[in-house]
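A.B. asks:
2 protein chains.
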Amino acid sequence: MKSNKITIHDISSALNIDSSTVSRALNDSPRVSKKTKEKIAKKAAELGYQRNSLASNLRTNRTNTIGVIVPRISRNFFSTVIAGIEETAYEAGFNVVICQSLESIDREKKLIETLLANRVDGILISISMETTSYEHLQSYYDHGSPIVFYDRPCHFHNCTAVSIDDYKASFDATEHLIQSGRKNIFHFSGPQEIELYQNRKRGYKDALKKHNIEVNEDYCHESGLSEKEGIKAAKKIMNLKNIDAIFSANDTAAIGAMKYLKTQGIRIPEDIAVVGFNNDPISEVIEPSLTTVNQPDFKMGKIAATILLGQIKNKKADTKDQSIVLNSELIIRNSSIN
Amino acid sequence: MKSNKITIHDISSALNIDSSTVSRALNDSPRVSKKTKEKIAKKAAELGYQRNSLASNLRTNRTNTIGVIVPRISRNFFSTVIAGIEETAYEAGFNVVICQSLESIDREKKLIETLLANRVDGILISISMETTSYEHLQSYYDHGSPIVFYDRPCHFHNCTAVSIDDYKASFDATEHLIQSGRKNIFHFSGPQEIELYQNRKRGYKDALKKHNIEVNEDYCHESGLSEKEGIKAAKKIMNLKNIDAIFSANDTAAIGAMKYLKTQGIRIPEDIAVVGFNNDPISEVIEPSLTTVNQPDFKMGKIAATILLGQIKNKKADTKDQSIVLNSELIIRNSSIN
DNA sequence: CTGTTAGCGCATTCAG
DNA sequence: CTGAATGCGCTAACAG
Chain A
93 MKSNKITIHD
103 ISSALNIDSS
113 TVSRALNDSP
123 RVSKKTKEKI
133 AKKAAELGYQ
143 RNSLASNLRT
153 NRTNTIGVIV
163 PRISRNFFST
173 VIAGIEETAY
183 EAGFNVVICQ
193 SLESIDREKK
203 LIETLLANRV
213 DGILISISME
223 TTSYEHLQSY
233 YDHGSPIVFY
243 DRPCHFHNCT
253 AVSIDDYKAS
263 FDATEHLIQS
273 GRKNIFHFSG
283 PQEIELYQNR
293 KRGYKDALKK
303 HNIEVNEDYC
313 HESGLSEKEG
323 IKAAKKIMNL
333 KNIDAIFSAN
343 DTAAIGAMKY
353 LKTQGIRIPE
363 DIAVVGFNND
373 PISEVIEPSL
383 TTVNQPDFKM
393 GKIAATILLG
403 QIKNKKADTK
413 DQSIVLNSEL
423 IIRNSSIN
Chain B
93 MKSNKITIHD
103 ISSALNIDSS
113 TVSRALNDSP
123 RVSKKTKEKI
133 AKKAAELGYQ
143 RNSLASNLRT
153 NRTNTIGVIV
163 PRISRNFFST
173 VIAGIEETAY
183 EAGFNVVICQ
193 SLESIDREKK
203 LIETLLANRV
213 DGILISISME
223 TTSYEHLQSY
233 YDHGSPIVFY
243 DRPCHFHNCT
253 AVSIDDYKAS
263 FDATEHLIQS
273 GRKNIFHFSG
283 PQEIELYQNR
293 KRGYKDALKK
303 HNIEVNEDYC
313 HESGLSEKEG
323 IKAAKKIMNL
333 KNIDAIFSAN
343 DTAAIGAMKY
353 LKTQGIRIPE
363 DIAVVGFNND
373 PISEVIEPSL
383 TTVNQPDFKM
393 GKIAATILLG
403 QIKNKKADTK
413 DQSIVLNSEL
423 IIRNSSIN
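Chains A and B, in that order, give the protein sequences. Sequential numbering from 93 applies to the first sequence in our numbering. Sequential numbering from 93 applies to the second sequence in our numbering.
(1) Rounded to the nearest angstrom, what separates A/R164 and A/V114 at their Cα positions?
(2) Taking the alpha-carbon positions, what's the B/S225 to B/K202 distance?
(3) Would you mind stating whether B/G316 and B/S262 have Cβ atoms separated by less than 8 Å?
(4) Please identify, using Cβ separations under 9 Å, the residues of the segment 124-149 of chain B that lie next to chain A, in order along the chain.
(5) Taking the alpha carbon of B/S105 as the point to measure from, which residue in B/K131, B/N119 and B/E309 has its own alpha carbon closest?
(6) Within 10 angstroms of the Cβ of B/I150, are there 16 or more other Cβ atoms? Answer buried if so, exposed if not.
(7) From this set, B/I270, B/R244 and B/A253, which residue's C-alpha is nearest B/E285's C-alpha?
(8) Please classify B/I103: does DSSP put it in a helix, a strand, or coil?
(9) Going residue by residue through the segment 281-327 of chain B, where are the continuous alpha helix (DSSP H) segments of at least 4 residues, counting only ones entirely within it?
(10) Around the Cβ of A/T223, are there at least 16 other Cβ atoms within 10 angstroms (buried) or fewer (exposed)?
(11) Taking contact to mean 3 or more Cβ pairs, one atom from each stretch, closer than 8 Å, check whether the segment 254-271 of chain B and the segment 314-328 of chain B are in contact.
(12) How should A/Q403 be labelled, buried or exposed, when 16 other C-beta atoms within 10 angstroms of its C-beta is the threshold for buried?
(13) On the premise that B/G393 lies in contact with B/V173, defined as a C-beta separation below 8 Å, what is that separation, rounded to the nearest angstrom?
(14) Is it right to say A/D343 is buried, meaning 16 or more other beta carbons lie within 10 angstroms of its own, or is it exposed?
(15) Of all the beta strand (DSSP E) runs that stay within the bounds of the segment 153-233 of chain B, which reach a length of 3 or more residues?
(16) Within a Cβ cutoff of 7 Å, which residues of the same chain sit near B/D213, ignoring the five residues on either side of it in sequence?
(17) In terms of DSSP beta bridges, what is A/D418 paired with?
(18) Between A/A409 and A/A209, what straight-line distance do the alpha-carbon atoms span, to the nearest angstrom?
(19) Just checking: is the beta-carbon of A/A209 within a distance shorter than 8 Å of some beta-carbon in chain B?
(20) How would you label B/H313, buried or exposed, when you count the other beta carbons within 10 angstroms and need 16 or more for buried?
(21) What would DSSP say about B/S427, mapped onto helix, strand or coil?
(22) Check A/S340 in the structure and name its three-state DSSP category.
(23) Can you give me the C-alpha to C-alpha distance between B/T128 and B/I103, rounded to a whole angstrom?
(24) Roughly how many angstroms lie between the CA atoms of A/K301 and A/V307, to the nearest whole one?
(25) Between A/H249 and A/V162, what straight-line distance do the alpha-carbon atoms span, to the nearest angstrom?
(26) Against chain B, with Cβ distances strictly below 8 Å, would A/V212 count as a contact?
(27) Would B/N308 count as contacting chain A if we go by Cβ distances under 8 Å?
(28) Please identify the residue among A/Y232, A/D389, A/L401 and A/S415 whose C-alpha is closest to the C-alpha of A/A184.
(29) Would you grab the beta carbon distance between A/I364 and A/V254 for me? Rounded to a whole angstrom, and I think it's under 8 Å.
(30) Name, going along the chain, the residues of the segment 346-371 of chain B whose beta-carbon falls closer than 9 Å to a beta-carbon of chain A.
(31) What residues of chain B sit near A/V189, judged by a beta carbon separation below 7 Å?
(32) Give me the DSSP bridge partner(s) of B/Y242.
(33) May I have the straight-line CA-CA distance separating A/I109 from A/K97, to the nearest angstrom?
(34) Would the C-beta of B/L382 count as close to the ligand NAP, meaning under 7 Å from any of its heavy atoms?
(35) So, with DSSP's three-state summary, where would you put B/G368?
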């Protein structure tokens, strides 16, 4: 019914202590005696006081909230990253606002504006697949609040980016396929405007080169990362006839492809070996023959959040780490290709 | 660098128009002439003015934000509900704060407190599996802001709940199994303190009764809804020996069970037919023999959000709809059990 | 249609 | 250690 209209003034007058002291006590300022603090805390509880964070935020110009922009929360990798971010933020007393760009640059722009308008103290962002320039981040950056990129690396001023070494992971994955006897390796890739996909493709190509395998551009399928796209790519593979392995930038696409290939009587991994990127647990359950580049998801969230919170605290310190690279791990699920 | 310190006063003094008029103009009040509005809009753009919503929120005691509590964002059903909520809210100019309870009542409590502290204008909640009483919602409710339940029905004051008819859907699903010749139907259920699971179990039992099949309590497995639990239940089924069908309250559990059963040489659906609840798209792809109760997810989000926004607008109107029931649909994926 | 006045609830100077 | 005074930026009476 009636909103809890208890303010610091109510407890101030009830106790005959000035509201400024009450404010300090409630914020656990060292400048208030323990005794007074206790008295105030007790009264506050008694009256059912709840701080009005809107007022507090206005006054301090801080919201104790970080914004997280994620391409899509339903993707397991991202929801696990979010779990890591939340754990870290909650422990530090920060709130988390999660927004999904749905891989759309327009939507991403709007979200940034909204987060700016809501004065979040910092942003963690994994840019959308459509994002190739960062002007829309500029206004936020100018505002002075920190931005940390995760998963999909970016170069924007000297903002920190937390990611794995996509080049190396791709190189290793491709080399793994080569070492298990494959030569005609197809690659599912994404938009080359995005650094992540560039790096992965480079890793793929360089592994081929190292082993003196000719790079065939027809073997690279650039597209989105849905199961549907995986199926489309698989059809392309069927037409090529001689493909004996797939290195996919994404599990979902890989699963779609495998599903289709199986319907065509292809045995996996015997006929075509598959390595996917991103560790979706369904792949483990459903496609035990899918070898996977396992990315640190939860850990990535924790680390990215920790860095962001650090930057929020030392507003001044502009000595930001340029980039943090985490290790990934190749999980080989089916021994038959070893 | 410097935060955009442009306030309405800056544009007020630049134009020699009082700040209150500026405020009105910026809010598109009908009480300001079109001419003045244009002049103000132009100057605002020129100076790069951005409203400080913190101040606005403090003044109006509204945040134009709704809170969404969801058990787990990674579950496809929920992430699609969220998509529906977001679409509706964004169109209406509202922000959405998504929080996951992770099925924990403690966490749910904290989230409610946080949302209350952040003065969201309304809450959409699908209660956690641990939630059997609603005291923790009381403080929020007392505050006067509306709460709408979705998916998992609740009776809390006269708050609206949007859900499907779980009883009927379960009845139909079970009857479908019976009509395809099954008699020993196992049921994966959840905590019976939760209305949703009660309803589903009732539907299951009543369908059996209607067809004069004895209800065997040993055939009901009450537990969480993970794949792991599905496997556990499947082991129980193997011991029972005579089970020829499963009606699961959840796709994920059903998939886990199917996976295990297959490893045991059980053919699905020939030996054991399976119906799952919740429409996880992976089930369609991966387990084409899994028949599913298809719930309206996106639509549910849209409807729940629309109702909540309506209640936020007509603060006074306490004539809340008690409950909204949406239709579900049985999607039969494998014709062999018809 | 526009200006005047007065806070929203809190945190932070500056005094003591 | 505590009190008095001030204003964050905006909006909502109330006038005119």
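Glycine included, every Cβ here is placed at the ideal spot set by N, Cα and C.
C.D. replies: Straight from the coordinates:
(1) C-alpha separation (whole angstroms): 44 Å.
(2) Looking at the two C-alpha atoms, the distance is approximately 15 Å.
(3) In this structure, B/G316 lies away from B/S262, with their beta-carbon atoms at least 8 Å apart.
(4) Identification of residues in the segment 124-149 of chain B having a C-beta nearer than 9 Å to some C-beta of chain A yields G140, Q142, R143, N144, S145, L146, A147 and N149, given in sequence order.
(5) B/S105 has its Cα closest to that of B/K131, out of B/K131, B/N119 and B/E309.
(6) Sequence inspection shows Leu at residue 150 of chain B; the Ile mentioned does not correspond to that position. The residue in question, B/L150, is buried, as its Cβ has 16 or more Cβ neighbours within 10 Å.
(7) Among B/I270, B/R244 and B/A253, the Cα nearest to that of B/E285 belongs to B/R244.
(8) Here B/I103 sits in helix by DSSP.
(9) Counting only runs of at least 4 residues, the segment 281-327 of chain B fully encloses the following alpha helix (DSSP H) elements, listed from N- to C-terminal order: 287-302.
(10) Buried: at least 16 other Cβ atoms inside 10 Å.
(11) Contact fails: fewer than three Cβ-Cβ distances are below 8 Å.
(12) It counts as buried.
(13) Contact flag correct, Cβ pair sits at about 4 Å.
(14) A/D343 is buried by the Cβ-count criterion.
(15) Runs of the beta strand (DSSP E) inside the segment 153-233 of chain B: 157-162, 187-192 and 214-217.
(16) The answer, listed in chain order, is R154, T155, N156, T157, I158, S237 and I404.
(17) It is worth fixing the name first, because residue 418 of chain A is Leu in this sequence and not Asp. BP columns for A/L418 point to A/I256.
(18) Low confidence applies to A/A409: its pLDDT is 49, below 50, so where it sits in the model is not reliable, and the reading given next is rough at best. The alpha-carbon atoms of A/A409 and A/A209 are separated by roughly 24 Å.
(19) Using a Cβ-Cβ cut-off of 8 Å, A/A209 counts as an interface residue toward chain B, since at least one Cβ of chain B sits closer than that to its own.
(20) It counts as buried.
(21) Residue confidence for B/S427 is low, a pLDDT of 39 falling below 50, so the modelled location carries little weight and cannot support an answer.
(22) Note: A/S340 maps to strand in three-state DSSP.
(23) Roughly 12 Å separates the two Cα atoms.
(24) Each residue's alpha carbon lies about 7 Å from the other.
(25) Answer to the nearest angstrom: the Cα atoms are 21 Å apart.
(26) So no, A/V212 is outside the interface.
(27) It does not; no Cβ of chain A falls within 8 Å.
(28) Ranking A/Y232, A/D389, A/L401 and A/S415 by Cα distance to A/A184 puts A/L401 first.
(29) Actually they are not in contact, since the Cβ atoms of A/I364 and A/V254 sit about 33 Å apart, beyond 8 Å.
(30) Correct list: I347, G348 and K351.
(31) Near A/V189 (Cβ distances below 7 Å), the residues of chain B are V189.
(32) Partner(s): B/V254.
(33) Rounded to the nearest angstrom, the gap between the Cα atoms of A/I109 and A/K97 is 19 Å.
(34) Annotation note on the ligand NAP: not contained in the displayed structure, which lists no ligands.
(35) Here DSSP, grouped into helix, strand and coil, assigns B/G368 to strand.
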